[in-house]
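Residue numbers (our numbering), protein chains in the order written: chain L, 2 to 370; chain R, 2 to 370. Don't be surprised by glycine CBs; every beta carbon is placed ideally from N, CA and C. Here is the structure we will look at.
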């Protein structure tokens with residue numbers, strides 16, 4: 002077998018090796034069934050056990066209270082942009098959005114198809130290099146929800162404090178807090194109880210692409226929705242069907258369950274956050290001590306999942322990225338609107354990968370500086 | 002390793018063993034990449050090759066003309082029920098549906114959320130045991146499309162002739178033909194050119210659950226859609242993004258591509274149809290020659306994908322199904338609204354599995370009759 006590389010992709014991204022090995026071992030025959038999970042009826046006892054245990058494991062990991070439902074859906078975070086608006090607001094209702102990067106802007110764009118999407122904070126002025134603060138005066142009193150993107154994959158920033166819905170708010174309608182935590186879920190502590198709804202595309206810290214986790218307060222399920230809403234876009238139908246209203250993405254849910262078990266074996270989310278802080282610290286400390294590399298996110302807003310930085314020129318960026326690739330460290334190119342480099346170091350990235358990257362950064366600086 | 006069973010599930014269902022073996026072999030390292038497809042960036046060259054080749058292979062297999070787009074989407078056939086209505090009709094427009102079973106009724110139900118869904122033929126009177134004919138007189142002149150379910154998984158019936166849109170139709174609006182071919186695609190000849198849109202959930206003849214194939218005439222992409230339509234529900238956005246507007250279900254697409262290649266190696270769809278007719282023939286001939294087993298679908302409507310039958314009593318049904326399970330033939334229970342037994346014998350089911358089933362049917366009849 003060819004050597005495996007260190008994959009610094011922003012997503013889909015590197016999975017823990019023991020998870021892949023387990024999936025490989027059982028690929029032809031899931032124990033006790035004589036079939037692959039790729040072929041397994043979602044109405045079978047074996048798959049029911051898989052999805053029930055995946056949910057139970059996630060509930061333990063994130064300390065999800067009983068009055069929250071956990072759903073495994075399709076369509077990625079992008080479909081959640083729409084489902085959040087269409088389930089939490091009526092047509093024309095007001096919704097509040099924090100624009101802290103690319104995906105938060107897309108969420109607002111989708112919300113605007115359905116209602117009155119108001120931007121209550123933005124860091125667009127500095128190309129999203131920091132986490133913006135809400136101006137309480139401009140916060141719409143009738144916002145059905147406040148949406149934010151907890152970790153901004155493209156820019157490498159994170160909400161280290163949850164956004165506060167201004168106290169003045171709260172007239173007829175309660176303003177719910179909705180967090181897209183696609184790229185930090187299970188990688189750092191997230192207080193579920195302080196949210197009404199959290200969603201996360203799997204392909205960063207959870208598992209393979211093709212499944213999206215939604216954690217939502219059960220009282221959301223009682224809210225009436227527009228009759229035109231497709232059944233597949235209704236949280237209540239998805240919850241009533243235990244994420245199996247129709248055939249779910251069985252294999253992606255199964256692999257996610259293996260990842261959840263692996264995170265539990267590592268000591269849970271607190272243990273993952275500790276090692277993720279250590280991994281990110283190695284990179285940020287080196288960047289801060291160098292005048293060759295420059296960090297792209299403001300220090301107080303820095304993500305421990307996506308570390309963005311640049312070299313003194315675009316040519317050096319490209320040369321460095323190519324050198325890394327030649328040494329088995331791939332997908333380090335920054336997103337095109339940001340440039341430079343981006344090292345995504347989710348749970349599946351071992352610290353050895355980060356050390357190897359820092360060593361290569363040191364060496365490249367010595368040669369080029 | 003435990004012995005693999007013969008899995009007669011209606012879906013997700015048995016996949017060709019060489020496909021599973023290939024996926025297993027490359028699970029840790031897809032050749033030339035150093036990563037698993039489960040971890041692979043959808044923006045990478047390697048994944049682009051995978052999705053491009055999957056589409057090319059499907060185009061060869063189904064002889065898909067250049068003026069049709071091929072999409073790999075999420076959400077299953079159930080999301081297509083809504084996407085078809087919301088993309089091919091404006092709010093309130095008329096749509097025609099043939100009710101030939103459970104999924105066609107659900108398609109009509111989702112259509113009715115968006116517009117005026119008219120039933121133009123139904124076999125509900127005989128519990129969907131046959132394919133109904135359209136009454137031209139009752140066909141709405143302004144129907145934007147006619148929707149039918151090509152193969153009815155639950156009841157074991159198939160449209161051996163495509164439904165005809167009555168000649169009288171065709172005023173201002175053209176009536177498009179939309180076929181849900183989830184359970185027959187690649188298992189029998191389907192003339193793409195006679196449809197405007199075909200869709201199919203993968204988990205029967207295509208691959209694992211979690212991806213849906215949509216084949217549609219490109220001129221549909223030019224039709225204006227309602228501004229409120231979520232981006233994930235817009236065929237044009239999905240086509241513009243080459244099925245990668247957001248992260249697609251990479252692994253499910255990859256395994257589907259392996260299945261497409263396997264079907265090509267078997268000699269293509271014509272070869273599959275030949276063996277599928279042979280497999281179904283073994284079962285139907287035996288059932289027709291027996292007064293112990295009774296076929297549930299009318300002979301002229303019989304599916305070669307799902308063979309439904311019953312024994313003289315519910316107790317015998319259950320006893321027979323349990324006997325089969327003990328011999329490594331699983332998921333033979335009929336759907337609850339139909340009862341009896343159902344043998345789903347998609348492309349992945351080898352003829353040996355069907356022979357073993359018929360042998361067990363013979364033996365059980367001898368003992369019990």
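Classify residue i as buried or exposed, calling it buried when 16 or more other Cβ atoms lie within 10 Å of its own Cβ.
{"i": "residue 173 of chain R", "result": "With a pLDDT of only 48 at residue 173 of chain R, under 50, the local geometry of the prediction cannot be trusted, and the value read off the model is given with reservation. Exposed is the call here."}
{"i": "residue 204 of chain R", "result": "buried"}
{"i": "residue 111 of chain L", "result": "buried"}
{"i": "residue 338 of chain R", "result": "exposed"}
{"i": "residue 196 of chain R", "result": "buried"}
{"i": "residue 144 of chain R", "result": "buried"}
{"i": "residue 373 of chain R", "result": "Because chain R here runs from 2 to 370, residue 373 of chain R falls outside it and cannot be looked at."}
{"i": "residue 370 of chain L", "result": "exposed"}
{"i": "residue 100 of chain R", "result": "buried"}
{"i": "residue 35 of chain R", "result": "buried"}
{"i": "residue 208 of chain R", "result": "buried"}
{"i": "residue 323 of chain R", "result": "exposed"}
{"i": "residue 368 of chain R", "result": "exposed"}
{"i": "residue 33 of chain L", "result": "exposed"}
{"i": "residue 327 of chain L", "result": "exposed"}
{"i": "residue 93 of chain L", "result": "exposed"}
{"i": "residue 349 of chain R", "result": "buried"}
{"i": "residue 270 of chain L", "result": "buried"}
{"i": "residue 188 of chain L", "result": "buried"}
Thinking C-alpha only, which one of the options is nearest residue i?
{"i": "residue 353 of chain L", "options": "L/340, L/291, L/369 and L/330", "result": "L/330"}
{"i": "residue 86 of chain R", "options": "R/128, R/355, R/178 and R/162", "result": "R/178"}
{"i": "residue 158 of chain R", "options": "R/115, R/310 and R/266", "result": "R/310"}
{"i": "residue 314 of chain L", "options": "L/69, L/279, L/294 and L/180", "result": "L/294"}
{"i": "residue 214 of chain R", "options": "R/70, R/356 and R/6", "result": "R/70"}
{"i": "residue 1 of chain R", "options": "R/305, R/304 and R/342", "result": "In the structure as shown, chain R starts at 2 and stops at 370, and residue 1 of chain R therefore has no counterpart that could be examined."}
{"i": "residue 340 of chain R", "options": "R/308, R/225 and R/367", "result": "R/308"}
{"i": "residue 138 of chain R", "options": "R/292, R/149, R/164 and R/168", "result": "R/168"}
{"i": "residue 281 of chain L", "options": "L/358, L/115, L/193 and L/129", "result": "L/358"}
{"i": "residue 44 of chain L", "options": "R/217, R/13, R/34 and R/44", "result": "R/13"}
{"i": "residue 106 of chain L", "options": "L/148, L/20 and L/134", "result": "L/148"}
{"i": "residue 202 of chain R", "options": "R/95, R/271 and R/216", "result": "R/216"}
{"i": "residue 128 of chain L", "options": "L/102, L/219, L/180 and L/229", "result": "L/102"}
{"i": "residue 22 of chain R", "options": "L/30, L/19 and L/4", "result": "L/30"}
{"i": "residue 211 of chain L", "options": "L/193, L/220, L/221 and L/80", "result": "L/80"}
{"i": "residue 91 of chain R", "options": "R/229, R/274 and R/275", "result": "R/229"}
{"i": "residue 362 of chain L", "options": "L/345, L/325 and L/349", "result": "L/325"}
{"i": "residue 166 of chain R", "options": "R/190, R/150 and R/136", "result": "R/136"}
Under the assumption that residue i contacts residue j (Cβ atoms under 8 Å), give the Cβ distance between them as a whole number of angstroms.
{"i": "residue 155 of chain L", "j": "residue 336 of chain L", "result": "4 Å"}
{"i": "residue 97 of chain L", "j": "residue 141 of chain L", "result": "6 Å"}
{"i": "residue 16 of chain R", "j": "residue 37 of chain L", "result": "7 Å"}
{"i": "residue 104 of chain L", "j": "residue 132 of chain L", "result": "Actually they are not in contact, since the Cβ atoms of residue 104 of chain L and residue 132 of chain L sit about 14 Å apart, beyond 8 Å."}
{"i": "residue 51 of chain R", "j": "residue 200 of chain R", "result": "That pair is no contact at about 21 Å."}
{"i": "residue 55 of chain L", "j": "residue 258 of chain L", "result": "3 Å"}
{"i": "residue 231 of chain L", "j": "residue 83 of chain R", "result": "3 Å"}
Q.
Measuring CB atoms only, is the segment 72 to 83 of chain L touching the segment 243 to 258 of chain L, in the sense that at least three cross pairs come out at less than 8 Å?
A. Taking 8 Å as the limit for Cβ pairs, the verdict is that the segment 243 to 258 of chain L does touch the segment 72 to 83 of chain L.
Q) With contact counted as at least three CB pairs below 8 Å, one residue from each stretch, are the segment 238 to 247 of chain R and the segment 18 to 36 of chain R in contact? A) These segments do not touch.
Q | the segment 177 to 185 of chain L in contact with the segment 154 to 168 of chain L per 3-pair CB rule at 8 Å | A | Yes, the segment 177 to 185 of chain L is in contact with the segment 154 to 168 of chain L.
Q) When the Cβ atoms of the segment 112 to 123 of chain R are set against those of the segment 57 to 67 of chain R, are three or more pairs found closer than 8 Å? A) The answer is no - the segment 57 to 67 of chain R does not touch the segment 112 to 123 of chain R, with fewer than three Cβ pairs under 8 Å.
Q: Run through the segment 25 to 75 of chain L for me and flag every whole alpha helix (DSSP H) of 4 or more residues, listed as ranges in chain order.
A: When DSSP assignments are scanned along the segment 25 to 75 of chain L, the uninterrupted stretches of alpha helix (DSSP H) that are 4 or more residues long and fall wholly within it turn out to be 46 to 63.
(Q) In chain order, what are the residue ranges of uninterrupted beta strand (DSSP E) at least 3 long that sit wholly in the segment 151 to 194 of chain R? (A) If one requires a minimum length of 3 residues, the beta strand (DSSP E) runs lying completely within the segment 151 to 194 of chain R are 177 to 181, in chain order.
Q. If you pair each beta-carbon of the segment 316 to 334 of chain R with each one of the segment 261 to 277 of chain R, do three or more pairs fall below 8 Å?
A. Output reads no: the segment 261 to 277 of chain R does not touch the segment 316 to 334 of chain R.
Q. Touching or not, the segment 299 to 318 of chain R and the segment 282 to 289 of chain R, by the rule of three or more beta carbon pairs under 8 Å?
A. A contact between stretches requires three or more CB pairs, one per stretch, nearer than 8 Å, and the segment 299 to 318 of chain R meets this requirement with the segment 282 to 289 of chain R.
Q | Chain-ordered residues of the segment 248 to 265 of chain L with a beta carbon less than 7 Å from chain B | A | Of the protein chains in the structure, L and R, none is chain B.
(Q) In chain order, what are the residue ranges of uninterrupted beta strand (DSSP E) at least 3 long that sit wholly in the segment 252 to 336 of chain R? (A) Listed in chain order, the beta strand (DSSP E) elements of length 3 or more contained wholly in the segment 252 to 336 of chain R are 307 to 311.
(Q) With three or more beta-carbon pairs closer than 8 Å as the criterion, would you say the segment 226 to 238 of chain L touches the segment 37 to 50 of chain L? (A) Contact between the segment 226 to 238 of chain L and the segment 37 to 50 of chain L is absent, with fewer than three C-beta pairs closer than 8 Å.
Q) Along the chain, which unbroken stretches of the alpha helix (DSSP H) at least 4 residues long are found entirely within the segment 222 to 248 of chain L? A) Correct list: 236 to 241.
Q | Whole beta strand (DSSP E) elements within the segment 78 to 124 of chain R, 3-residue minimum | A | For the segment 78 to 124 of chain R, the continuous beta strand (DSSP E) assignments of 3+ residues that do not extend past its boundaries occur at 95 to 100 and 117 to 123, in sequence order.
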